[in-house]
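**Q**
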Amino acid sequence: MKLKWWHLGLLMALGLAILSPLASPWPDGLERVAENKGFMDVALKPAFEVIPDYVFPGVGNEALATILAGLMGTLILFGLSYGLGALLRRRDRIG
Amino acid sequence: MHIPDGFLNVVTAAATYVVSASGVGYSVREANKKLGERHVPLMGVMGAFIFAAQMLNFPVIGGTSGHLIGGALAAILLGPWAGTLIMACVLIVQCLIFQDGGITALGANVFNMGLVACFVGYYLYRTVTALMGESRTSRLAGGFAGAWASVFVAAVACAIELAVSGKSPLGVALPAMAGVHALIGIGEGLITAAALSFVTATRADLLELQKV
Chain W
1 MKLKWWHLGL LMALGLAILS PLASPWPDGL ERVAENKGFM DVALKPAFEV
51 IPDYVFPGVG NEALATILAG LMGTLILFGL SYGLGALLRR RDRIG
Chain E
1001 MHIPDGFLNV VTAAATYVVS ASGVGYSVRE ANKKLGERHV PLMGVMGAFI
1051 FAAQMLNFPV IGGTSGHLIG GALAAILLGP WAGTLIMACV LIVQCLIFQD
1101 GGITALGANV FNMGLVACFV GYYLYRTVTA LMGESRTSRL AGGFAGAWAS
1151 VFVAAVACAI ELAVSGKSPL GVALPAMAGV HALIGIGEGL ITAAALSFVT
1201 ATRADLLELQ KV
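Just so you know, the protein sequences line up as chains W and E, in that order. Numbering follows my numbering, with no gaps: position 46 of the first sequence is 46. Throughout, my numbering is defined as the position within the second sequence, counted from one, plus 1000.
1) Quick check on T1084 (chain E): does DSSP put it in helix, strand or coil?
2) My guess is that M1113 (chain E) and I1069 (chain E) are in contact by the Cβ rule of under 8 Å, so how many angstroms apart are they, rounded?
3) Count Cβ pairs between the segment 1079 to 1090 of chain E and the segment 35 to 45 of chain W that sit closer than 8 Å; are there 3 or more?
4) Can you list the residues of chain W that G1047 (chain E) reaches, using a CB-CB cut of under 7 Å?
5) Check distances from the C-beta atoms of the segment 1050 to 1063 of chain E to those of chain C and list, in chain order, the residues that come in under 7 Å.
6) Using a cut-off of 8 Å between C-beta atoms, extract the partners of L10 (chain W) located in chain E.
7) Alpha carbon to alpha carbon, how far is L1085 (chain E) from V1028 (chain E)?
8) So the candidates are E:D1100, E:S1150, E:I1097; which of them puts its Cα closest to the Cα of V1116 (chain E)?
9) Looking at the C-beta of A86 (chain W), does it have a partner C-beta in chain E at a distance below 9 Å?
10) Answer with yes or no whether the minimum CB distance from A43 (chain W) to chain E is below 9 Å.
11) Sort out for me which residues DSSP pairs I1061 (chain E) with in a bridge.
12) Below 8 Å between beta carbons is the criterion; list the residues of the segment 1112 to 1143 of chain E that meet it against any residue of chain W, in chain order.
13) Measure the CB-CB distance between G1071 (chain E) and M1087 (chain E) and report whether it falls below 9 Å.
14) Is the beta carbon of A1193 (chain E) sitting closer than 9 Å to the one on G1121 (chain E)?
15) May I ask you to list the residues that DSSP assigns as paired with D1005 (chain E)?
16) What residues match up with D28 (chain W) in a beta bridge as DSSP calls it?
17) Beta carbon of T1202 (chain E), beta carbon of W6 (chain W): below 9 Å?
18) For C1089 (chain E), which option in W:G83, W:Y54, W:T66 has the closest C-alpha, if you only look at C-alpha atoms?
19) Within its chain, find whatever has a CB closer than 8 Å to the CB of R1136 (chain E); leave out the 5 residues flanking it on each side and keep chain order.
20) Short of 8 Å Cβ to Cβ, which residues in the segment 1031 to 1043 of chain E face chain W?
21) Helix, strand or coil for I1103 (chain E), going by three-state DSSP, please let me know.
22) If the cut-off is 8 Å on Cβ atoms, which residues from the segment 1002 to 1030 of chain E count as contacting chain W, listed in chain order?
23) Could you check if R91 (chain W) is buried or exposed, using at least 16 other CB atoms within 10 Å of its CB as the buried criterion?
24) In angstroms, rounded to a whole number, what distance separates the CA positions of T1127 (chain E) and V1045 (chain E)?
25) Beta carbon of T1016 (chain E), beta carbon of V1110 (chain E): below 9 Å?
26) Keeping to the same chain, check which residues put their C-beta closer than 6 Å to that of Q1094 (chain E); ignore five residues upstream and five downstream.
27) Using the beta-carbon of each residue, which ones in chain E are nearer than 9 Å to P46 (chain W)?
28) Could you check what DSSP says for R91 (chain W) in three-state terms: helix, strand or coil?
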């Protein structure tokens, strides 16, 4: 199979996912505002959990669990957005 | 900027669900009319890149971080409706699988980080490149400006939703959200400009795709 540009694009995205344990653990802008203005505690727990907080369940090493969650999400998003594009595209149109 | 369950009242959650569902529905129609073979792999790479990049929070000021939204970049490369479609995919997966963003707030999150970010980013980019003339410099300047504004306006929309929901008065929520996201937007601008610079250097033909 010939290597296409988007194979490299996907590999770069997966590379970013591997860097995910380096992310800043600080709260994001909205969480910071909610904490400072005193409404963070009204946030409700999610009704169900699959891979909460981007930590793959059942993996002891947290960095590894984060990387696994990141790789999985990246692949899901690639498949979903590629698949949606393929489903909606016009067969008679190139670009 | 992912709103969790509990922050929005029923009216705000329902209203943003209706607007976002209509917007995504219209995106599907537009994509069905205009997407061609060459858009498809770029859709896939954009979805993958935005998900991965959103995990990489960068510090902005003491004790606060931000991360790429990506709506502006997706919209600049693929067009605002296709960008909205990609952002909806990212936000739905983050909500259902990773519990990032509440399921009752999904409509608001798709509105802020999808529709608002994509349209603000796309049209400001188009305005800057039209005023400066098509060049590498104008694309990077337009990308930076569009991306910064996409975060800023999305944060304003989020503040209004919080205020309408009675969580924090607009006079408090608006300056707080706008202020911190004016800083986070600089990161969004730099990452977007860097990504556009990379695409220009390696696959400039992707910039010529018809916008959807």
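Built from N, CA and C at the ideal position, the CB exists for glycine as well. Only a predicted model underlies this, so the values are computations on that prediction, with no experimental measurement involved.
**A** Straight from the coordinates:
1) Counted from its first residue, the second sequence places residue 1084 (chain E) at position 84. Taken through DSSP and simplified to helix, strand or coil, T1084 (chain E) comes out as helix.
2) Mapped onto the second sequence, residue 1113 (chain E) falls at position 113. Mapped onto the second sequence, residue 1069 (chain E) falls at position 69. About 5 Å; that satisfies the 8 Å criterion.
3) With the cut-off at 8 Å, the segment 1079 to 1090 of chain E and the segment 35 to 45 of chain W do not touch.
4) By one-based count along the second sequence, residue 1047 (chain E) stands at place 47. Going along chain W in sequence order, the residues near G1047 (chain E) (Cβ under 7 Å) are L77, F78, L80, S81.
5) Any reference to chain C falls outside this structure, whose protein chains are W and E.
6) In the first sequence, the residue the question calls residue 10 (chain W) occupies position 10. Neighbours of L10 (chain W) on chain E, chain order: G1044, V1045, A1048.
7) Residue numbering aside, residue 1085 (chain E) sits at position 85 when the second sequence is read from its first letter. Residue numbering aside, residue 1028 (chain E) sits at position 28 when the second sequence is read from its first letter. Here the C-alpha atom of L1085 (chain E) lies approximately 7 Å from the C-alpha atom of V1028 (chain E).
8) In the second sequence, residue 1116 (chain E) corresponds to position 116, counting from 1. Nearest of E:D1100, E:S1150, E:I1097 to V1116 (chain E), Cα basis: E:S1150.
9) In the first sequence, counting from the first residue as 1, residue 86 (chain W) sits at position 86. Taking Cβ atoms only, chain E reaches closer than 9 Å to A86 (chain W), which makes this a yes.
10) Locating residue 43 (chain W) in the first sequence gives position 43, counting from the first residue. It does; some Cβ of chain E falls within 9 Å.
11) Position 61 of the second sequence holds residue 1061 (chain E). E:T1064.
12) Close to chain W, meaning a Cβ-Cβ distance shorter than 8 Å, is no residue of the segment 1112 to 1143 of chain E at all.
13) Counting from one through the second sequence, the residue named residue 1071 (chain E) turns up at place 71. Counting from one through the second sequence, the residue named residue 1087 (chain E) turns up at place 87. Against a cut-off of 9 Å, the Cβ pair of M1087 (chain E) and G1071 (chain E) comes out as a contact.
14) Here residue 1193 (chain E) refers to the residue found at position 193 when the second sequence is read from its first residue. Here residue 1121 (chain E) refers to the residue found at position 121 when the second sequence is read from its first residue. By the CB criterion at 9 Å, A1193 (chain E) and G1121 (chain E) fall outside the cutoff.
15) In the second sequence, residue 1005 (chain E) corresponds to position 5, counting from 1. According to DSSP, which records beta bridges pairwise, D1005 (chain E) is partnered with nothing at all.
16) In the first sequence, counting from the first residue as 1, residue 28 (chain W) sits at position 28. E:S1065.
17) Within the second sequence, numbered from 1, the residue matching residue 1202 (chain E) stands at position 202. Within the first sequence, numbered from 1, the residue matching residue 6 (chain W) stands at position 6. In this structure, T1202 (chain E) keeps its C-beta atom at 9 Å or more from the C-beta atom of W6 (chain W).
18) Start at 1 with the first residue of the second sequence, and residue 1089 (chain E) comes out as number 89. If you compare the alpha carbons of W:G83, W:Y54, W:T66 with that of C1089 (chain E), the shortest gap goes to W:G83.
19) Within the second sequence, the letter at position 136 stands for residue 1136 (chain E). Leaving aside the five residues that flank R1136 (chain E) on each side, the residues in its chain whose CB is nearer than 8 Å to its CB run, in chain order, S1197, T1200.
20) Taking 8 Å as the Cβ-Cβ cut-off, the segment 1031 to 1043 of chain E approaches chain W at A1031, N1032, K1033, K1034, L1035, G1036, E1037, R1038, H1039, V1040, P1041, L1042, M1043, given in chain order.
21) Here residue 1103 (chain E) refers to the residue found at position 103 of the second sequence. DSSP places I1103 (chain E) in coil when its eight states are reduced to three.
22) Listed by position along the chain: H1002, I1003, P1004, D1005, G1006, F1007, V1028.
23) Within the first sequence, the letter at position 91 stands for residue 91 (chain W). Burial state of R91 (chain W) is exposed, judged by a 10 Å Cβ sphere holding fewer than 16 other Cβ atoms.
24) Working through the second sequence from its first residue, we reach residue 1127 (chain E) at position 127. Working through the second sequence from its first residue, we reach residue 1045 (chain E) at position 45. V1045 (chain E) has its alpha-carbon roughly 26 Å from the corresponding atom of T1127 (chain E).
25) Walking along the second sequence from the start, residue 1016 (chain E) turns up at place 16. Walking along the second sequence from the start, residue 1110 (chain E) turns up at place 110. Contact: yes.
26) As a first step, residue 1094 (chain E) must be located in the second sequence, where it is residue number 94. Cβ neighbours of Q1094 (chain E) within its own chain (closer than 6 Å, five residues either side excluded): D1100, G1101.
27) Here the question's residue 46 (chain W) lines up with position 46 in the first sequence. Within 9 Å Cβ-Cβ: P1004, D1005, C1095, Q1099, G1102, I1103.
28) To locate residue 91 (chain W), count along the first sequence from 1; it is residue 91. In the displayed model, R91 (chain W) falls within coil according to three-state DSSP, outside both helix and strand.
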